[in-house]
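Notes for the one structure printed next.
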Amino acid sequence: MAQRFTDEVAIVTGSSNGIGRATAILLASEGAKVTITGRNAERLEESRQALLKVGVPSGHINSVVADVTTGAGQDVLIDSTLKKFGKINILINNAGALIVDPEGKTNTSTGVETCLKTFQLNFQSVVEMTQKIRPHLANTHGEIVNVSSVGAGPAAENRFPYYSAAKAALDQYSRNTAIDLIPDGIRVNIVQPGFVATGFTTAASGMSPDASAKMYEGIGANTSCIPAGYCGRPEHLASVIAFLADRKASEYIVGQTIIADGGTTLVRGRNVALATRRAE
Numbered sequence: 003m004a005q006r007f008t009d010e011v012a013i014v015t016g017s018s019n020g021i022g023r024a025t026a027i028l029l030a031s032e033g034a035k036v037t038i039t040g041r042n043a044e045r046l047e048e049s050r051q052a053l054l055k056v057g058v059p060s061g062h063i064n065s066v067v068a069d070v071t072t073g074a075g076q077d078v079l080i081d082s083t084l085k086k087f088g089k090i091n092i093l094i095n096n097a098g099a100l101i102v103d104p105e106g107k108t109n110t111s112t113g114v115e116t117c118l119k120t121f122q123l124n125f126q127s128v129v130e131m132t133q134k135i136r137p138h139l140a141n142t143h144g145e146i147v148n149v150s151s152v153g154a155g156p157a158a159e160n161r162f163p164y165y166s167a168a169k170a171a172l173d174q175y176s177r178n179t180a181i182d183l184i185p186d187g188i189r190v191n192i193v194q195p196g197f198v199a200t201g202f203t204t205a206a207s208g209m210s211p212d213a214s215a216k217m218y219e220g221i222g223a224n225t226s227c228i229p230a231g232y233c234g235r236p237e238h239l240a241s242v243i244a245f246l247a248d249r250k251a252s253e254y255i256v257g258q259t260i261i262a263d264g265g266t267t268l269v270r271g272r273n274v275a276l277a278t279r280r281a282e
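What the sequence shown shows, in our numbering, is residues 3 to 282, in sequence order.
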């Protein structure tokens, strides 16, 4: 029996760890050929080894060390994928990060340079990748899934305004792009993760692994923050992303946002911000 992504080719940005790695593993384990990418060669090799460990053939993996915020990085992702696999069916725009101000400023005092870097990674890189990959996805009637965040709103959390603003921009851009690209047969959809134990927050704050684990455990146990009672895992988000990348399963979903957050947005607001600080 054919697997659901047999003969499909996917690019997953930000796949050297976390949600991106889990997504690449899921797509490839169900038949896809995948381009994995990130800026850190060591972590990217860990992703490649994880793919091999679950039985993905080495010939189905294209591992590319690249910076998706640069034109050269974007070009090598697309060009190397076409050279190795001959086509592109799926683009998962997962690369993103909460960029901390070098002077430790938060709120509206955060420097403009941090704002620009935040938008370059979380928003501009998606715009540029979408423009460049459009003709190739039109050829295959492909899929784009953009990974956003519940931080996009409408509830506010004031410590890192640029990250939230960039993700809000990404969401609206995705909706606009969805109606522009669907005549070409290209679907665009959005996934908004809530708290996911990926090391994303701890990387930004410089926490130790033990402190990180304790923080996620504390947040997850606080049902005023996450009603489900636990933090998400990368695999939870990978399943949602794969659903949206699967034309047979989600064909009539266009320009929509799926929130996967254990119920956080139902209670999001001051309680969530306070729970995070207490867990830290």
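Ideal Cβ placement from N, Cα and C applies to all residues, glycine included.
Worksheet entry | Inter-residue spacing [alpha-carbon to alpha-carbon] between Val67 and Thr39 | 6 Å
Fill in: Cβ-Cβ distance between Thr179 and Pro236 below 8 Å
no
Practice prompt. Count the CB pairs spanning the region 181–188 and the region 44–61 that are closer than 8 Å, and state whether there are at least three.
Written response: no
Worksheet entry | Counterpart residues of Val36 in DSSP-defined beta bridges | Ala12, Ile63
Fill in: Three or more C-beta pairs below 8 Å linking the region 154–163 and the region 212–229
Taking a cut-off of 8 Å on C-beta distances, the region 154–163 does not touch the region 212–229, as fewer than three cross pairs fall below it.
Worksheet entry | Boundaries (first-last residue) of the alpha helix (DSSP H) holding Arg1 | Limits of the chain in this structure are 3 at one end and 282 at the other, which puts residue 1 out of reach.
Discussion item. Whole angstroms are fine: how far does the CA of Thr116 sit from the CA of Met1?
Written reply: An answer regarding residue 1 cannot be provided, because it is not within the stretch 3 to 282 covered by the chain.
Worksheet item: Per DSSP, Gln194 forms a beta bridge with which residues?
Response: Ile261
Fill in: C-beta contact flag for Ile94 and Val14 at 8 Å
Judged by beta-carbon spacing, Val14 lies within the 8 Å limit of Ile94, meaning their Cβ atoms are closer than that value.
Worksheet item: Does DSSP put Val114 in a helix, in a strand, or in coil?
Response: helix
Worksheet entry | Gly234 - partner residues in DSSP beta bridges | Val198
Discussion item. Please state the DSSP three-state secondary structure of Arg270.
Written reply: coil
Discussion item. Give me, in chain order, the residues of the same chain whose beta-carbon lies closer than 6 Å to that of Ala24; leave out the 5 immediate sequence neighbours on both sides.
Written reply: Pro236, Glu237, Ala240
Discussion item. Would you say Arg249 lies against chain B (beta-carbon separation less than 8 Å)?
Written reply: The structure shown contains no chain B; it is built from a single protein chain.
Worksheet item: Assuming Tyr164 and Thr112 make a contact with CB atoms under 8 Å, what is their CB distance in whole Å?
Response: 6 Å
Discussion item. Excluding the 5 residues flanking Gly61 on each side, which residues of the same chain have their C-beta closer than 6 Å to its C-beta?
Written reply: There are no such residues.
Worksheet item: What first and last residue would you give for the alpha helix (DSSP H) that runs through Ile221?
Response: 211–223
Discussion item. Using the Cβ count rule (16 or more neighbours within 10 Å means buried), how would you classify Asp9?
Written reply: exposed
Discussion item. Tell me the rounded alpha-carbon separation between Ile192 and Thr259.
Written reply: About 5 Å.
Worksheet entry | Sub-8 Å separation of Ser151 and Gln194 beta-carbons | yes
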